[in-house]
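I have placed the structure first, in the form of structure tokens, so that the comments after it can refer back to it.
Protein chains: 2
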Amino acid sequence: MTGLRQRQKIDRDRRIVEAAARLFREFGFEGVKIETIAEQAGVSVGTIYNYYESKGDVLIAVVSLEVNEVISAGESVLTRPPARAADAVDALFDIYLRHSLHYLSKEMWRAAMSMSILHPESRLGRHYGQLDEKLCQQVCRLLAKLKRQGSIGGAIDVEVTGRILFNTMNMSFMNFVKEDAMDVETVIEAVRRQSETMMTLGG
Amino acid sequence: MTGLRQRQKIDRDRRIVEAAARLFREFGFEGVKIETIAEQAGVSVGTIYNYYESKGDVLIAVVSLEVNEVISAGESVLTRPPARAADAVDALFDIYLRHSLHYLSKEMWRAAMSMSILHPESRLGRHYGQLDEKLCQQVCRLLAKLKRQGSIGGAIDVEVTGRILFNTMNMSFMNFVKEDAMDVETVIEAVRRQSETMMTLGG
DNA sequence: CTTCAAAAATGAGTCAATTCATATTTACCC
DNA sequence: GGGTAAATATGAATTGACTCATTTTTGAAG
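Going line by line, the protein sequences match chains H and C. Per the numbering used here, the first sequence starts with residue 4, numbered consecutively. Per the numbering used here, the second sequence starts with residue 4, numbered consecutively.
If you want it as structure tokens, here you go:
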């Protein structure tokens, strides 16, 4: 039953996220006032707060679109993983890291991470945590598949190792977005080296 | 040459940090207004901003005191490390994790981490980064010593492995402060398991 | 087509961090 | 002492996120 009210709500929500995405990308998260998002979306300030708990919550909605694309891209590695385990993990992390700045600036990532740490129990924080969790599980699923294929030893704990690998990559990603001067090739190489160290020891 | 001006400056600074530490611990970082810190320290709001760039910068000054104590406590492990490598790393991380909440609440840690990510190039961000770096180097120094003693294999890259271990511990610590319900024993056990996995593979 | 209650939008008002023009204090010279 | 410039303290004004009492819109009933 899509009444007028329902349709208007969806439309307003879309306009808010689209305006926010455009403005954040151009001026950065901190460079954009809620008032401006409201103007561009053709709604009032109060309306944005009827849809989202905070300015950060709007950002997470934008980030979420990107992360879901990344996860979807990552599935292609799971479908047909490289034979050598370390190469498979590299391929997945390569996708994560290269896609991460397609639509989001480093400043936007910093803001998103920052707020998810400050308010882990807010809608924003939980949502960001779920995105992280989905990514981590994708890494674990990759390891599980590699294990089934015999690419990694049967003694490996897929959950623990997957989490360590993901955390290590994620920490490097955090350092990457903290350092404006670092380019994507540098972080990919750093992650590759760390994963290699881990996988060689363990696989 | 300690003129009156010099002494007053040092004294005011001390009063600001002491007031902030006390208030943050009691009411949390977000629960304290700069105005209140100013009142308690017997200075004006503007004066605090002559000494610190932001409210977060004041927090980092408080955090810094704590981290320096932690590093100093960690040195005792370096002086006389347990024979088995995994035990030595555990002992060091145990100290880090247990000391971390002596004077700082989880909420204060969240605020400090949050802001160091949001503004990595600010005074606050660089200062926090330096603290992290000192801790990471302490881990590497421990590994170097273990290597010299023959507790870990000579093929291990101390810098890379040390960073992975530190990052892994740090990520667990981040999850710990994000989750108010988690107690310190739980995070210590989780870190122990992860370090064990790494050290067993590598050592 | 009215009437009305629930749902949603609105924007002026509140709150707290930060700034900055002004006032005060210190150090130094004579 | 007294005068003066540099350093420092001050708090009223600014800014922007967020709230909430009020107004407007929608959907359903008669």
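For each residue, glycine too, the CB sits at the ideal point set by N, CA and C. Just so you know, these numbers come straight off a predicted model, no measurement behind them.
Secondary structure of residue i, DSSP reduced to three states
| i | result |
| --- | --- |
| H:ILE155 | coil |
| C:LYS137 | helix |
| C:TYR106 | coil |
| C:ARG83 | coil |
| C:GLU199 | helix |
| C:ALA88 | helix |
| C:SER175 | helix |
| C:GLU72 | helix |
| C:HIS130 | helix |
| H:PHE27 | helix |
| C:ALA193 | helix |
| C:LYS181 | helix |
| C:LYS36 | coil |
| H:TYR55 | coil |
| H:ALA5 | The residue you asked about is not Ala; residue 5 of chain H is Thr in the sequence shown. Of the three classes helix, strand and coil, the one that applies to H:THR5 here is coil, per DSSP. |
| H:GLY165 | helix |
| C:VAL61 | helix |
Any chain C beta carbon closer than 8 Å to residue i
| i | result |
| --- | --- |
| H:VAL163 | yes |
| H:MET174 | yes |
| H:ILE167 | yes |
| H:GLN133 | no |
| H:THR200 | yes |
| H:ASP160 | yes |
For residue i, the nearest candidate out of the options (CA to CA)
| i | options | result |
| --- | --- | --- |
| H:GLU78 | H:GLY153, H:VAL142 and H:SER154 | H:VAL142 |
| C:ILE13 | C:GLU33, C:VAL35 and C:TYR54 | C:TYR54 |
| C:ARG28 | C:TYR52, C:LEU100, C:THR5 and C:VAL66 | C:VAL66 |
| C:THR235 | C:MET111, C:ASP160, C:GLY153 and C:ALA88 | Only positions 4 to 206 of chain C appear in the structure, and residue 235 of chain C is not among them; the question remains open. |
| C:SER154 | C:ILE51, C:SER47, C:ALA86 and C:VAL80 | C:ALA86 |
| C:THR203 | C:VAL46, C:ARG83, C:VAL73 and C:ASP90 | C:ASP90 |
| H:GLU136 | H:VAL70, H:GLY59, H:ASP183 and H:ALA184 | H:VAL70 |
| H:ARG101 | H:CYS139, H:ILE74, H:HIS122 and H:ILE120 | H:ILE74 |
| H:GLN152 | H:THR50, H:THR82, H:ILE40 and H:PHE32 | H:THR82 |
| H:LEU62 | H:VAL46, H:MET116 and H:GLY157 | H:MET116 |
| C:MET118 | C:THR5, C:ARG15, C:GLN9 and C:GLU56 | C:GLU56 |
| C:LEU1 | C:LEU138, C:CYS139, C:ASN173 and C:VAL161 | Residue numbering for chain C in the displayed model covers 4 to 206; residue 1 of chain C lies beyond these limits and cannot be assessed. |
| H:CYS139 | H:ARG113, H:GLY156, H:HIS122 and H:MET172 | H:MET172 |
| H:GLY59 | H:TYR99, H:TRP112, H:SER47 and H:PRO84 | H:TRP112 |
| H:GLN11 | H:PHE30, H:LYS36, H:GLY34 and H:GLY45 | H:GLY45 |
| H:PRO123 | C:PRO84, C:ALA184 and C:GLY165 | C:ALA184 |
| C:ALA147 | C:LEU134, C:VAL163 and C:GLY132 | C:VAL163 |
| C:ALA64 | C:THR189, C:GLY6, C:PRO84 and C:LEU134 | C:LEU134 |
| C:LEU168 | C:GLU182, C:GLY6, C:GLU188 and C:LEU145 | C:LEU145 |
Partner residues on chain C for residue i, Cβ-Cβ distance less than 7 Å
| i | result |
| --- | --- |
| H:LEU121 | ARG113, ALA114 and SER117 |
Residues that residue i contacts on chain H, provided the C-beta gap is smaller than 7 Å
| i | result |
| --- | --- |
| C:LYS181 | ILE120 and PRO123 |
Within chain C, the residues that residue i reaches when beta carbons sit closer than 8 Å
| i | result |
| --- | --- |
| H:ARG196 | VAL163 |
Residue-chain proximity (residue i, chain H), Cβ-Cβ < 8 Å
| i | result |
| --- | --- |
| C:THR171 | yes |
| C:MET177 | yes |
Contact the region 96 to 105 of chain C vs the region 94 to 114 of chain H: 3+ CB pairs below 8 Å: no
Does the region 189 to 196 of chain C come within contact of the region 171 to 180 of chain C, defined as at least 3 CB pairs closer than 8 Å? yes
Quick test of the definition: if touching needs 3 or more C-beta pairs under 8 Å, does the region 16 to 24 of chain C touch the region 118 to 131 of chain H? no
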